[in-house]
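Number of protein chains: 2
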Amino acid sequence: MEPIRRDALVRATIAEIGAAGTLDVTVSQIARRAGMSSALAHHYFGGKDQIFLAAMRHILRGFRAEVVTALRAAQTPRARAEALIDASFAASSFDPATISAWMTLYAQAATHPETNRLLRLYQLRLHGNLRHALRPLSTSSDADAAMLGALIDGLYLRAALGGGTTAQAARATAHRALGQLIGGQS
Amino acid sequence: MEPIRRDALVRATIAEIGAAGTLDVTVSQIARRAGMSSALAHHYFGGKDQIFLAAMRHILRGFRAEVVTALRAAQTPRARAEALIDASFAASSFDPATISAWMTLYAQAATHPETNRLLRLYQLRLHGNLRHALRPLSTSSDADAAMLGALIDGLYLRAALGGGTTAQAARATAHRALGQLIGGQS
DNA sequence: TTTTATTGATTGACGAGTCAATAAAAAACC
DNA sequence: GGTTTTTTATTGACTCGTCAATCAATAAAA
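Have a look at this one:
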């Protein structure tokens, strides 16, 4: 039972955060959506924080899976870098629940050590992937990877928070930057 | 009395957010730090949300002032672009209170319309300033400004959330990107 | 005497986490 | 195979804290 319940709770958490647009959702709401009592949610997770962390890990795992499949299809180094960009701006990254969770991750990373660890994990992985892709293309792959990684995060922020920028435009900007970074031909 | 009290409350709010490292600060805490009762805080501001919004506006105003003075000292277009970068990574932007406030701004922008407006205002201003600085230097100043703006935000995020990146490194990366964007010489 | 400034005390709502009690399944025993 | 015992799953009801917001009362100016 335990794994089933935990999984249902994680899914319900993401759905609920997405619907509410904020992390201010009660354990009772989550539990109700998952079809159980709040007491049971506490029983299996121990506390709200841990439910939320599990949800975060779930989202990060999903993103990682997307990256892996995108990379598998890429043959050239440049295609690998492009695949990393595309994964970051994939539709699933712009699901309202994912956006909210992501923003909350940022907001909490300043105080909550475990959350900070998660965020850094994501950043390090992205950086590592980018550096690996850029190594054959650039003499300063490390610095370039740092730049591209930050650019991706910044673009995501703008696209996610609904300003003028759309996900498509953000993706295009990132590709343009990549083109500028490593010499010319597409 | 009213303007004095309001100002004291805004300052106390920022200080308290900085000390707590989160937006989870009670009106009573803020009021105590400002040397008055929570009832008075409510009396002058009407509610917690409005106190926070006032604090956000205060921070944004401070940032804007920093930008203005930095720009005034810049003579060439390139110096203007560099001044904009430096203002973004100035020490005051990394005050714990400022960091927390920014993160909260992002987290709330998804739901809270007034907060969203504030964020967009900041983004538009930065974009406008960058575009103006880049216009004599680039044939695609608009797209370049969009890229630099997003890059700045992304770098700030990484520097603020304490990963490996420091504020200095972030600044250097942004300068490097600027150099790459507009042809070579420093 | 009216207006402005100020607060202590209170209210009302909400929500995390606990607990004792029940139902259901599994295991142990004869 | 059937009965008892133990373990697992589940919940309703409750406790305990917290906190935003209100209000009636008081002090101080104007």
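Quick note, the sequences are listed as chains H and U, same order.
Counted from 1, the first sequence has number 100 at position 100 by our numbering; the numbering is strictly sequential.
If you count the second sequence from 1, you need to add 1000 to reach our numbering.
We treat Cβ as the ideally placed atom computed from N, Cα and C, and that holds for glycine.
How would you call residue i, buried or exposed, if buried means at least 16 neighbouring beta carbons within 10 angstroms?
{"i": "Thr-1144/U", "result": "Before going on, a small fix: residue 1144/U reads as Asp here, not Thr. Its Cβ being crowded by 16 or more others within 10 Å, Asp-1144/U is buried."}
{"i": "Leu-1155/U", "result": "buried"}
{"i": "His-127/H", "result": "buried"}
{"i": "Ser-140/H", "result": "exposed"}
{"i": "Thr-1076/U", "result": "exposed"}
{"i": "Glu-1002/U", "result": "exposed"}
{"i": "Gln-1185/U", "result": "Confidence is the limiting factor: at Gln-1185/U the pLDDT is only 39, short of 50, which leaves the residue's position unreliable, though a coordinate-based value still follows. Gln-1185/U should be labelled exposed."}
{"i": "Asp-153/H", "result": "buried"}
{"i": "Gln-123/H", "result": "buried"}
Residue i touches chain H at which residues, Cβ-Cβ below 7 Å?
{"i": "Arg-1158/U", "result": "Gln-123, Ala-150"}
{"i": "Met-1056/U", "result": "Chain H residues near Met-1056/U: none, gap ~14 Å exceeds 7 Å."}
{"i": "Ala-1091/U", "result": "Simply none; closest approach about 17 Å."}
{"i": "Ser-1100/U", "result": "Ala-110"}
So for residue i, helix, strand or coil by DSSP?
{"i": "Ser-186/H", "result": "Confidence at Ser-186/H is low in this model, with a pLDDT of 40, below 50, so the placement of that residue should be treated as unreliable; the coordinate-derived value is given next. DSSP places Ser-186/H in coil when its eight states are reduced to three."}
{"i": "Leu-137/H", "result": "coil"}
{"i": "Thr-1058/U", "result": "Here the sequence assigns His to residue 1058/U, which means Thr is not the residue at that position. Here His-1058/U sits in helix by DSSP."}
{"i": "Thr-165/H", "result": "coil"}
{"i": "Ala-74/H", "result": "coil"}
{"i": "Thr-104/H", "result": "helix"}
{"i": "Ser-28/H", "result": "helix"}
{"i": "Phe-1089/U", "result": "coil"}
{"i": "Ser-1038/U", "result": "helix"}
For residue i, which of the options has the nearest alpha-carbon?
{"i": "Lys-1048/U", "options": "Val-1027/U, His-1127/U, Ala-1073/U, Gly-1035/U", "result": "Val-1027/U"}
{"i": "Thr-1173/U", "options": "Leu-84/H, Glu-16/H, Ala-150/H, His-42/H", "result": "Ala-150/H"}
{"i": "Arg-33/H", "options": "Arg-176/H, Ile-4/H, Ala-15/H, Leu-148/H", "result": "Ala-15/H"}
{"i": "Leu-1178/U", "options": "Gly-1162/U, Gly-1046/U, Leu-1137/U, Gly-1163/U", "result": "Leu-1137/U"}
{"i": "Leu-84/H", "options": "Ala-70/H, Pro-96/H, Asp-95/H", "result": "Ala-70/H"}
{"i": "Arg-1064/U", "options": "Thr-1013/U, Leu-1009/U, Thr-1076/U, Ser-1093/U", "result": "Ser-1093/U"}
{"i": "Ile-1004/U", "options": "His-1175/U, Tyr-1044/U, Gln-1123/U", "result": "Tyr-1044/U"}
{"i": "Ala-1146/U", "options": "Leu-1157/U, Leu-1181/U, Gly-1163/U, Arg-1176/U", "result": "Leu-1181/U"}
Closer than 9 Å by beta-carbon distance: list the chain U residues that pair up with residue i, in chain order.
{"i": "Ile-17/H", "result": "Under the 9 Å cutoff, chain U gives no residues; its nearest Cβ is about 10 Å from Ile-17/H."}
{"i": "Ala-8/H", "result": "Simply none; closest approach about 25 Å."}
{"i": "Thr-13/H", "result": "Near Thr-13/H there are no residues of chain U at all, since even the closest Cβ is about 17 Å away, more than 9 Å."}
Along chain U, which residues have their Cβ under 8 Å away from the Cβ of residue i?
{"i": "Gln-180/H", "result": "Gln-1180, Leu-1181"}
Note down, in chain order, every chain H residue with its Cβ under 9 Å from the Cβ of residue i.
{"i": "Asp-1153/U", "result": "Ala-150, Asp-153, Gly-154, Leu-155, Leu-157, Arg-158"}
For a contact meaning CB atoms closer than 7 Å, what does residue i contact in chain U?
{"i": "Met-103/H", "result": "Tyr-1106, Ala-1107, Ala-1110"}
{"i": "Ile-51/H", "result": "Going along chain U, no residue has its Cβ under 7 Å from Ile-51/H, so there is no contact; the nearest lies around 18 Å."}
{"i": "Gly-128/H", "result": "Per Cβ cutoff of 7 Å: no residues; Gly-128/H is ~12 Å from chain U at best."}
Using the beta-carbon of each residue, which ones in chain H are nearer than 8 Å to residue i?
{"i": "Ala-1143/U", "result": "Thr-173, Arg-176"}
Taking contact to mean 3 or more Cβ pairs, one atom from each stretch, closer than 8 Å, check whether the stretch 1114 to 1125 of chain U and the stretch 1053 to 1061 of chain U are in contact.
yes
Validate contact between the stretch 167 to 186 of chain H and the stretch 102 to 109 of chain H using beta carbons, cut 8 Å, 3 pairs = no
Quick test of the definition: if touching needs 3 or more C-beta pairs under 8 Å, does the stretch 130 to 147 of chain H touch the stretch 1082 to 1095 of chain U? no
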